[in-house]
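**Student:**
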Amino acid sequence: MVKKKRVRLIAEIARKVRAYRELKNRPRDSQRYALDYETMKRPFTGKMLPVLAWEDVRRESRLFSLLAGMRLFGVGRVFTRKSWLEDHTEPCYWEITKVKVDYTAENMDHGKAWGVLTMKGKQEDEVREVDKTMYHDWRLLPKHEEQKFRDFQPLPEPPVRYVPYPPLLRAMLLAQLGVGGVVVVARPPCPPSPCCR
């Protein structure tokens, strides 16, 4: 005979209430990423920003600092990051499609944004959440430069002509070619892979 499991309704309700209170008391992004610009510390955690980031923090803007001052919170506009402009010659940018602003934050400079990422000239298919919005290196692309970024055609990747042999197969081939006391110094040429024929 199977023993029935006792349903503990009060304990289950108490667990849900604790989970709800924990969710409600969770700090908002505006609290977690708030920054004291004089001491360069985050008040919530007490951690100091890296010294190398101080110059960017003073000169550059966060994404939502830019979005808050725009019509429709910048939906349809193109944003890039200073680090992408320095690291890549191909255009890298986000095209914003949806914005959810945290209205409780001071100056409304926190929230979530979604968009289509184009990295090194290759555009992704699906819309996803913009990451690293609290970094101080976001830039708005001027309207006259947006089309130049969008029209960029990336160079096609060259096809893979040769693939190296796996180690065991290479050892077997070298052993077969080295039969008869002849020592083979050069590597045997790799045949073209079947995908490139």
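Residue numbering for the sequence shown follows the working numbering, beginning at 56 and increasing consecutively.
Glycine included, each C-beta is placed from N, C-alpha and C at the ideal position.
Here the structure is a predicted model, which is why all the values come from computation and not from measurement.
Does DSSP put residue 206 in a helix, in a strand, or in coil?
**Tutor:** Looking at residue 206 - three-state DSSP - the assignment turns out to be coil, as it is neither helix nor strand.
**Student:** If you check the beta carbons only, do residue 151 and residue 170 fall under 8 Å apart?
**Tutor:** Cβ atoms of residue 151 and residue 170: closer than 8 Å.
**Student:** If you draw a straight line from the C-alpha of residue 157 to the C-alpha of residue 138, how long is it?
**Tutor:** Spanning the two alpha carbons is a distance of roughly 26 Å.
**Student:** Which of the three DSSP states is assigned to residue 124 in this structure?
**Tutor:** Coil.
**Student:** Which class does residue 225 belong to by DSSP, given the choice of helix, strand or coil?
**Tutor:** Correct three-state label for residue 225: helix.
**Student:** Output needed for residue 129: all residues of its chain with C-beta closer than 6 Å, excluding positions within five of it in sequence on either side, in chain order.
**Tutor:** Taken in chain order, the residues that qualify are 122 and 151.
**Student:** Which of the three DSSP states, helix, strand or coil, is assigned to residue 252?
**Tutor:** Reliability fails at residue 252, whose pLDDT of 48 lies under 50, so the model's placement of it is uncertain and the value that follows must be treated cautiously. If DSSP states are grouped into helix, strand and coil, residue 252 belongs with coil.
**Student:** Within 10 angstroms of the Cβ of residue 147, are there 16 or more other Cβ atoms? Answer buried if so, exposed if not.
**Tutor:** Its Cβ being crowded by 16 or more others within 10 Å, residue 147 is buried.
**Student:** Give the secondary structure of residue 196 by DSSP, where H, G and I count as helix, E and B as strand, and everything else as coil.
**Tutor:** Residue 196: coil per DSSP, three-state reduction.
**Student:** Consult DSSP for residue 111 and reduce its assignment to one of helix, strand or coil.
**Tutor:** In this structure, residue 111 counts as helix in the three-state DSSP scheme.
**Student:** I think residue 195 touches residue 132, with their Cβ atoms under 8 Å apart; what is that distance to the nearest whole Å?
**Tutor:** Between residue 132 and residue 195 the Cβ distance is about 7 Å, and since that is below 8 Å, they are a contact.
**Student:** Do residue 193 and residue 117 have their C-beta atoms within less than 8 Å of each other?
**Tutor:** Result yes, Cβ atoms of residue 193 and residue 117 sit closer than 8 Å.
**Student:** Around the Cβ of residue 185, are there at least 16 other Cβ atoms within 10 angstroms (buried) or fewer (exposed)?
**Tutor:** Label assigned to residue 185: buried.
**Student:** Who are the Cβ neighbours of residue 84 in its own chain at under 6 Å, not counting the five residues just before and after it?
**Tutor:** Closer than 6 Å at Cβ, skipping near neighbours: 165.
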